[in-house]
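Inspection log for the structure reproduced underneath, given as structure tokens.
Residue numbers (our numbering): 596 to 757.
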């Protein structure tokens, strides 16, 4: 028999099989365990009926494990990609139209992000009642508040304003 489910030749049995999306975005090569943070950044919690496929901690050639997120019917804005780069600096963004990948690019970390993170320093001018938009310089291993100089290296995802 040549049914594809019956053959057992090497890697075919170990492939990740997730259905293709017709139109939307595939975020690939996300560090293992970060897919739910990716969904949070995108404001996707399942209540608006978005079609989303998530693979978590799947085998990867580039990393030991990776996550992958597929969002049907949505192309990411540059602002969304910039924020994603903070928690998924090695991610690849694939734009899909009519089942074909029409754009594919690696995320690039911006030098600065504005209005997307909350400073964890309670004394920072951005956390009070002042109408000041947060601004962070993006470092190699974290971010630094442009106002109070607080550096954040871990848990950046918890500071994202959604």
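Backbone N, C-alpha and C fix where the C-beta goes; we use that ideal spot for every residue, glycine too.
Exercise. Just the Cα atoms here: how many angstroms apart are residue 638 and residue 663?
Worked result: Residue 638 and residue 663 have their alpha carbons spaced roughly 17 Å apart.
Exercise. Rounded to whole angstroms, how far is the Cβ of residue 633 from the Cβ of residue 625, which I believe are closer than 8 Å?
Worked result: Contact between residue 633 and residue 625 holds: their C-beta atoms lie close to 6 Å from each other, under 8 Å.
Exercise. What did DSSP end up calling residue 688 once you bin it into helix, strand or coil?
Worked result: For residue 688, the three-state secondary structure derived from DSSP is strand.
Exercise. From residue 660 to residue 623, what distance separates their C-alpha atoms?
Worked result: When the Cα atoms are used, residue 660 and residue 623 turn out to be separated by approximately 11 Å.
Problem set entry | Cα-Cα separation between residue 720 and residue 743, rounded to whole angstroms | Answer to the nearest angstrom: the Cα atoms are 8 Å apart.
Problem set entry | Neighbourhood of residue 774 by C-beta distance below 6 Å, restricted to the same chain and skipping five residues each side | Nothing can be reported for residue 774: it is not among the residues displayed for the chain, which extend from 596 to 757.
Exercise. What's the gap between the Cα of residue 647 and the Cα of residue 666?
Worked result: A direct Cα-to-Cα measurement between residue 647 and residue 666 gives close to 5 Å.
For this session: Kindly list the residues whose CB is nearer than 8 Å to the CB of residue 630, restricted to its own chain and excluding five residues on each side of it in sequence; keep chain order.
Result: For residue 630, where only same-chain residues beyond five positions count, the Cβ hits under 8 Å are 649, 650, 651, 662, 663, 664.
Exercise. Can you tell me where the alpha helix (DSSP H) with residue 674 in it begins and where it stops?
Worked result: Element bounds for residue 674: 673 to 682.
Exercise. Once you ignore the five residues that flank residue 680 on each side, which residues in its own chain have a CB closer than 6 Å to its CB?
Worked result: Setting aside the 5 residues that flank it on each side, residue 680 is surrounded in the same chain by 702, 704, each with a C-beta closer than 6 Å to its C-beta; the list follows chain order.
For this session: Report the rounded CA-to-CA distance for residue 723 versus residue 711, giving the unit in angstroms.
Result: Residue 723 and residue 711 have their C-alpha atoms some 16 Å from each other.
For this session: May I have the straight-line CA-CA distance separating residue 676 from residue 670, to the nearest angstrom?
Result: Cα to Cα, the separation comes out at about 10 Å.
Exercise. Whole beta strand (DSSP E) runs in the segment 605 to 670 with 3 or more residues, listed along the chain?
Worked result: For the segment 605 to 670, whole beta strand (DSSP E) runs of length 3 or above, ordered along the chain, are 619 to 626, 647 to 654, 660 to 667.
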